[in-house]
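Heads up: the sequence shown begins at 1 in the working numbering, then just goes up one per residue. No residue lacks a Cβ here, since even glycine has one placed at the ideal position from N, Cα and C. Predicted, not measured: the structure shown is a model, and the values here were computed from it. Presented below is the structure to which this report refers.
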Amino acid sequence: MDSPANDIEKIIKTLCQGSASEQDEALHTYFLPDAGFVHPLCWVPRFSNIAVPFFGSINSLWIVQCIYRWYITFAPNLDIEILSTAFDEKNSILYATAQQSLTVWFFPIYSVTVKLTTVLKLEKRQSRLISDTARSPELEPEENSVNGACILKYYIANQEDLYQMNYTAEFGAPHLGARLWSLVQLFATAVSVFMAVLTLPLHFYLNPDTKRQKVKKQ
């Protein structure tokens with residue numbers, strides 16, 4: 001990626017809505033071979049070249065590819081809208097908030113709409129040198145390399161999908177999970193208010209400045 005904040009929308013939509021070949025191409029173009037993946041329901045640690053019987057040598061990107069393949073098989077009719085993006089260049093972290101709606105093909109009444117924030121840890125790596133005929137497995141040819149000069153690109157080293165708990169519950173019980181979790185949230189809020197009032201003398205004792213600040217404001 002040259003401009004992560006501008007490029008990521010197309011990449012995410014390709015991964016979630018593209019064909020199998022487009023999805024595979026996006027993974028191998030923009031992800032590192034040892035890229036990690038974190039989701040409330042699954043986790044792929046970063047690793048490289050582990051020998052697995054009957055599969056040969058695999059890396060973590062192969063596992064991520066399997067997850068995405070199952071994703072478009074499980075829910076081929078998926079709609080995703082990117083709401084915002086932000087790039088923290090200093091720390092090489094890209095943020096993207098999105099809303100996605102999915103329906104399972106073999107169970108049409110299962111329909112879920114959730115919001116999430118995707119946090120992508122990026123790493124700068126050398127793009128392919130024109131003078132080098134040996135192709136790096138994680139990098140695709142770049143047209144803007146000049147006279148074999150090295151150009152740095154951003155590649156995804158780790159993807160972490162963050163969901164509010166009510167949206168995670170929605171996966172397990174569509175149309176009901178979020179409502180049930182909202183009741184839990186309301187109960188926890190009521191308990192917090194009750195305990196705050198009940199322990200108010202202890203709060204003022206442990207935090208004497210709080211009372212003085214309140215008097216000054218008045």
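From E160 to A51, what distance separates their C-alpha atoms?
In a straight line, the C-alpha of E160 is about 26 Å away from that of A51.
Using alpha carbons as the reference points, say which of L186, S101 and Y95 lies closest to L120.
Residue Y95 is the option with its Cα nearest to L120.
So, helix, strand or coil for G56, using DSSP?
In the structure shown, G56 sits in a strand (DSSP, three-state: E or B).
Using only the alpha-carbon positions, how far apart do F87 and T118 sit?
In a straight line, the C-alpha of F87 is about 12 Å away from that of T118.
Could you check whether the region 61-71 touches the region 28-42, counting it as contact only if at least three pairs of C-beta atoms, one from each stretch, sit closer than 8 Å?
Yes, the region 61-71 is in contact with the region 28-42.
Buried or exposed for D184, please, with buried defined as at least 16 other CB atoms from any protein chain shown within 10 angstroms of its CB.
First, the amino acid is wrong: residue 184 is Val here, not Asp. When all chains shown are included, V184 counts as exposed.
Can you give me the Cβ contacts of T113 inside the same chain, cut-off strictly under 6 Å, excluding the 5 residues immediately before and after it?
Here the set comprises S101.
Starting from S127 and walking both ways along the beta strand (DSSP E), at which residues does that stretch end?
No beta strand (DSSP E) holds S127; DSSP gives it neither H nor E.
How big is the Cα-Cα spacing for E43 and Y205?
What sits at residue 43 in the sequence shown is Trp, not Glu. About 45 Å.
Determine which residues share a DSSP beta bridge with F204 and list them.
F204 pairs with nothing; no bridge assigned.
How is K10 classed by DSSP in three states: helix, strand or coil?
Here K10 sits in helix by DSSP.
Return yes when the Cβ of L78 is within less than 8 Å of the Cβ of A98, no when it is not.
No. Outside cutoff.
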